[in-house]
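Residue numbers (my numbering), protein chains in the order written: chain A, 93 to 327; chain B, 93 to 327.
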């Protein structure tokens, strides 16, 4: 989350072992032009995260005033509804899964803006408690976070331009995908511009995407150049 | 491991919880000029790794022909001796520790050169089995590996110059230390030059080291420059 807006990004790989790898979009958007943009990014057990999203969508379709994220007054209330849906699913499934040694786990990053509020960004843990990004928090991650974190730590500050932040997020995903097989294309990228209350910039990058490929190559060459010009070590 | 030699590096932080953080060198060198250089890097439970090193050192002092790494004919034999020492310690301690819910774990990276052999590099798992680096293996890591891996994946090839590789390893540690509190200064760095059969280049970098500080700053600035010049994303 930056002064200019929020960048959301997710990969699409899910796996139940090395020989059972599938693609699913992990980004979900609830939007009403001029009123709200709510973006969810999910990680963890796919059956769990999909069920949570389906519950949230059904509540929207039912138009229930109390449980409907499209009717929530604040982002805080939205995140509580997501946590409630997680608890509902867990109540139904966790005991049954535990008998088969499968752990119910699902976590979410939820962010966006509702008319009348500033942009807000939250991270919901698998335990359904959650934290909100403050002035000092440039970003949240969930899932396979470690490989891609150093570049974000190095580059992101609150006033990073959205255009630069978007490139940095893509490089972070590229690095993670090179180092770890559990993260894979396509990458979904959404750039929310502050106070727009609409999704205007969204793209998916699949294998062989010319921009993504160029970005990866130029980043690799650029960093090798930087190494060559770093001061020589005297032993 | 590169055409020109091998770079070894280790941090010095060990912890038994956030409120019990200590410094210990995790790099051990066995050297006889003109005959052999053997470097061990350790990770895992410090009591375990220290005990393994002490056993190896005692065998050297005893001059026992069978168990002495200074008398081993090949690096393969050296690594077997390290694995044997790990098994000895585990036999003595693991059962006792398990009763107190502490897991015995220790792993090592072992590399170097013995006169008559090429350079060789191994990684011993906590289970005491081990693998050797081949032509396609540029590096091994052990411990908190993920944060620092992408930059190594991006930069290292067999013909990377030792001078550049050393800088890259330091940047990798710097990135890890910025993103994770379980890794900390000082950093021990050793550059073994092929066929030298001697340790000629070794340095420790502690907090505030002028070279390390400059390297970190110039890397940060350099990468931000690279971002600024990456192609703009068209949505």
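Backbone N, C-alpha and C define an ideal beta-carbon position, used for all residues, glycine too.
Taking all protein chains shown into account, residue 209/A has fewer than 16 neighbouring C-beta atoms within 10 Å of its C-beta and is therefore exposed.
Taking a 10 Å sphere around the C-beta of residue 280/A, we find 16 or more other C-beta atoms and assign the residue as buried. With a beta-carbon spacing of about 5 Å, residue 284/A and residue 97/A fall inside the 8 Å limit used to define contacts.
Rounded to whole angstroms, the gap between the alpha carbons of residue 199/B and residue 133/B is 8 Å. For the C-beta of residue 228/A, not a single chain B residue is nearer than 7 Å; the gap to the nearest is close to 15 Å. Residue nearest to residue 235/B within the set 259/B, 292/B, 256/B and 269/B is 269/B (criterion: CA-CA distance).
Between residue 227/A and residue 178/A, the gap from beta carbon to beta carbon reaches 7 Å or more. When 9 Å is used as the limit between beta carbons, residue 314/B is near these residues of chain A: 314, 315, 317, 318, 319, 321 and 322, in chain order.
Listed along chain B is no residue with a C-beta nearer than 9 Å to that of residue 114/A; the closest approach is about 23 Å.
Minimum Cα-Cα distance from residue 112/A among the listed residues 138/A, 264/A and 225/A corresponds to 138/A.
Excluding its 5 nearest sequence neighbours in each direction, residue 157/B has C-beta neighbours in its own chain below 6 Å: 163, listed in chain order. Residue range 198-206 is occupied by the beta strand (DSSP E) that includes residue 198/B. Residue environment analysis places residue 251/B among the exposed positions, since fewer than 16 neighbouring C-beta atoms fall within 10 angstroms of its C-beta. In the DSSP assignment, residue 283/B is bridged to 99/B and 293/B. Residue contact with chain A for residue 302/B: absent (no Cβ-Cβ distance below 7 Å to any residue of chain A). Membership of residue 123/B in the beta strand (DSSP E) is indicated by the continuous run 119-124. Close partners of residue 247/B in chain A (Cβ separation under 9 Å): 312, 315, 316 and 319.
Annotation for residue 106/B: the continuous beta strand (DSSP E) segment containing it runs 105-107. For residue 235/A, the three-state secondary structure derived from DSSP is coil. DSSP places residue 214/A in the uninterrupted beta strand (DSSP E) bounded by 212-216. Within chain B, the residues 324 and 325 have their CB atoms less than 9 Å from the CB of residue 255/A, given in chain order. The beta carbon of residue 286/A does not come within 7 Å of any beta carbon belonging to chain B, so the residue lies off that interface.
The three-state reading of DSSP puts residue 128/B in strand, counting E and B together.
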